[in-house]
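Enquirer: Submitted below is the structure of interest, expressed as structure tokens.
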């Protein structure tokens with residue numbers, strides 16, 4: 089027996105198939121789709137410093153051990169979104185939390 093569409097189904101805006109991207113010049117924008125895309129969460133990270141370290145050094149770490157990095161404490165921190173550097177800034181204290189004051193953006197060319 090076929091499923092009868094409810095009135096709620098008939099009034100809802102159709103959604104593009106998974107993975108579909110609306111054409112750039114489609115005539116009328118789809119604000120519902122844009123709102124959904126802009127609501128996607130992406131991992132955001134601030135990188136203080138990094139360097140390759142032999143696993144033997146990592147295994148020898150104990151509470152109180154120090155790892156020294158070559159980065160100067162005055163150098164900017166890197167803001168990454170989805171693993172891609174997008175901006176640089178400096179650490180700031182916001183009440184009792186850590187924050188990042190953006191100083192510049194990394195405008196990278198698109199991947200081919």
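In the numbering used here, the protein residues as written are 89 to 200.
Even glycine gets a Cβ: it sits at the ideal position worked out from N, Cα and C.
Is it buried or exposed for residue 167, if we count other Cβ within 10 angstroms and need 16 for buried?
Expert: It is buried - the Cβ of residue 167 has at least 16 other Cβ atoms within 10 Å.
Enquirer: Out of curiosity, what's the CA-to-CA distance linking residue 121 and residue 128?
Expert: If I take the Cα positions, the gap works out to 11 angstroms.
Enquirer: Does the region 163-179 come within contact of the region 129-139, defined as at least 3 CB pairs closer than 8 angstroms?
Expert: Contact holds: three or more Cβ-Cβ distances are below 8 angstroms.
Enquirer: Who are the near neighbours of residue 173 in its chain, counting only those whose CB is closer than 6 angstroms to its CB and skipping five residues on each side?
Expert: Same-chain partners within the cutoff: 166 and 194.
Enquirer: In whole angstroms, give me the CA-to-CA distance for residue 146 and residue 118.
Expert: Cα-Cα distance, rounded: 50 angstroms.
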